[in-house]
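See structure below.
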Amino acid sequence: MDKMFCMQCEQTAGGVACTRSGVCGKGASTAALQDTLTGALISASRDGGGLSDELLLRGLFATLTNVNFDDGSLDALIAEVGRESYDLYTVWDADEDTRSLKTLLLLGVRGVAAYAYHSFVLGYDVAEICSFIRKALSAVAEPDWGLKELLPLVMDCGRVNLDALALLDKANTESFGTPEPTVVSRAVEPGPFIVVSGHDLHDLRLLLEQTEGSGVNVYTHGEMLPAHGYPGLRKFAHLKGNFGGAWQEQQKEFDGVPGAFLFTTNCLMPPKAGYADRVFTTASVAYPGLWHIDGKDFKPVIAKALELGGYSETQPGGTFTTGFGHGAVLANAGAIVEAVKSGAIKRFYLIGGCDGAKEGRSYFTELAKLTPADSVILTLACGKYRFNDIDFGTVAGLPRLLDMGQCNDAYGAVKVAMALAEAFECGVNELPLSFVISWYEQKAVSILLTLLYLGIKNIKLGPSLPAFVSPNVLKYLVDNFGVSAVSTPEGDLYK
Ligand code: FSO
Ligand code: SF4
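First residue of the sequence shown: 47, per the numbering used here; consecutive thereafter.
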């Protein structure tokens, strides 16, 4: 059955839903299988029959935008879950408020699952997080639940996501060290190379270990850029730099490149013929015809890089600066607080979130450019590629643009906001801090729920509001949290 209804990401067709094929390149049969997989995970959560945490997280991860386009691997996952699937059209066809809240909950836990999966592979205990995910999935199938029952669960999803982010922060820093400010080259050196995309630092470390001494260099792509800040990863001399720009440029930037590409998580786009033979996937990522690395033996990727040989001359490029996680920012907390007190820093802008291909995203570039010289821009996730090649100068001895990491590092931004509030003995909402968040897929949904759970008000969200937020749910968000869509960069700049 190839019936399709998907509205889970920002680029959904017509701002309503993809119903024939996905704007992301996902076909109707794939969408139907992802629904069947989700329905099977819902059934397994309701019957309490011992579905493992690992399979729960891996299954949900495969339903995220730009992760899994491969019907065969989705079929295998459905068989592995081994439950009759709950029919998601019961949700899609419900009244708009119920549908809206159930969708928020479902997409929220998809985001939570992605974060928890990264902690799980690093050996951390995700049992409590998974128990909430099961509860939320069960709620999606409650036939009579409405606003009263669902709204508290949606807010609770924000709390659990905060736990998931905190756990991932601990897992990453204990595994790879505390990120340090790092200048990353964007040049590509001569010789064979592999470009690693996605978010999975564990996969990156394994690849670095397996390529050591092989003569193959490794470059990060997209959301892997912050990896360079971790001492445990940058110690590998053959981790050379960052390749290309944001994920949505890949079809253009990968074309004809004489290197191999490895996707560890989203965002994979349908590969073009000019480079499809050199793209590999692992974990939950899959695309028909691409070589999937099932275990963690990356020999085929290394062999492909050696076969392609790389460039014969250096491909020049500038630099990016990353590594301003909460550890590095809070190490300067005293100086930052003094600068705010003396008036040297007047405002902080958190301009971050995930990027997409749609027009209208130049808003974030324009806004960043308009921020005054006495302000600091905190950024994270792939939305930073809209402005991280701009020199914003310094303020109070710090770069004005501080890259706090991946979307997975949103906990760092929360920690910094909390620390500032504590230093000034006020609430986060009283700080001179503006939140301007770009959203694209489901991890951004879970982060938004976390910010709401923390009581953060007046968040500006763009480039457009989610299609799955009904007018009543939106009214609740506006009345209680002052959430609004971005307007114009000039209009949104709080001077
Ligand atoms: Fe971006 Fe893609 Fe990190 Fe997302 S690479 S869009 S929110 O998957 O995960 O920020
Ligand atoms: Fe459409 Fe986004 Fe769903 Fe892809 S993930 S089918 S673009 S709503």
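Each residue gets a CB set at the ideal place from its N, CA and C atoms; glycine is no exception.
Note that the structure is predicted; figures quoted are calculated from it, not measured.
Identify which residue in the options has its Cα closest to the Cα of residue i.
i	options	result
residue 270	517, 429 and 451	451
residue 361	495, 279, 185 and 289	289
residue 236	264, 212 and 255	264
residue 40	351, 358 and 428	Nothing can be reported for residue 40, as the shown portion of the chain is limited to 47 through 541.
residue 260	126, 104, 240 and 397	240
residue 507	303, 125, 533 and 522	533
residue 482	188, 112, 396 and 346	396
residue 123	537, 87, 91 and 142	87
residue 484	296, 180, 411 and 323	411
residue 205	79, 179, 476 and 113	179
residue 398	486, 299 and 115	486
residue 268	60, 129 and 232	232
residue 341	295, 213 and 249	249
residue 110	445, 476 and 315	315
residue 462	71, 141, 323 and 374	374
residue 153	62, 520, 53 and 96	53
residue 60	513, 79, 297 and 518	513
residue 545	55, 262, 445 and 318	Missing from the structure shown is residue 545; the chain here goes from 47 to 541 and no further.
residue 523	165, 128 and 146	146
residue 129	94, 149 and 141	94
residue 358	384, 303 and 281	303
residue 170	126, 537, 217 and 197	217
residue 416	438, 425, 401 and 400	438
residue 371	125, 192, 215 and 490	215
residue 252	221, 272, 275 and 63	221
residue 535	469, 408 and 423	408
In chain order, what residues of the same chain have a beta carbon less than 6 angstroms from the beta carbon of residue i, not counting five sequence neighbours either side?
i	result
residue 73	67
residue 336	325 and 327
residue 99	172 and 176
residue 12	With the chain represented from 47 up to 541, any question about residue 12 goes unanswered, as that position is not in the structure.
residue 309	243, 244, 327 and 331
residue 334	116
residue 77	50 and 52
residue 363	232 and 233
residue 148	137 and 186
According to DSSP, residue i sits in a beta bridge with which residue or residues?
i	result
residue 237	357
residue 449	425
residue 325	307
residue 441	444
residue 207	Paired residue(s): none; residue 207 is not in a bridge.
residue 105	Answer by DSSP bridge pairing: none, since residue 105 is not bridged.
residue 332	114
residue 399	484
residue 531	507
residue 287	265
residue 338	327
residue 52	64
Once the 5 residues before and after residue i are set aside, which same chain residues still bring their CB inside 8 angstroms of it?
i	result
residue 208	457, 460, 496, 499 and 500
residue 229	365, 366 and 367
residue 420	389, 390, 391, 392, 393 and 441
residue 346	326, 337 and 339
residue 189	136
Can you list, in chain order, the residues of its chain with a C-beta nearer than 7 angstroms to that of residue i? Leave out the 5 residues immediately preceding and following it.
i	result
residue 163	103, 104 and 107
residue 381	442 and 443
residue 134	81, 84 and 85
residue 472	none
residue 430	398 and 449
residue 504	528
residue 183	87, 88, 91 and 155
residue 502	474, 475 and 481
residue 69	57, 58 and 59
residue 355	238 and 304
residue 351	238, 239, 240, 262, 305 and 306
residue 467	473, 474 and 477
residue 378	444
residue 197	147
residue 300	307 and 321
Is there a Cβ of chain D sitting closer than 7 angstroms to that of residue i, yes or no?
i	result
residue 276	In the displayed structure, chain D is absent; only one protein chain is listed.
Any beta strand (DSSP E) of 3 or more consecutive residues that is wholly inside the segment 211-279
228-231, 239-243 and 263-267
Secondary structure, beta strand (DSSP E): runs of 3+ residues fully inside the segment 347-396
365-368
Output the residue ranges of the beta strand (DSSP E) runs that lie fully inside the segment 465-515 and measure 3 residues or longer, sorted by chain position.
479-484 and 506-508
Return the chain-ordered ranges of every beta strand (DSSP E) run that is complete within the segment 146-194 and spans a minimum of 3 residues.
none
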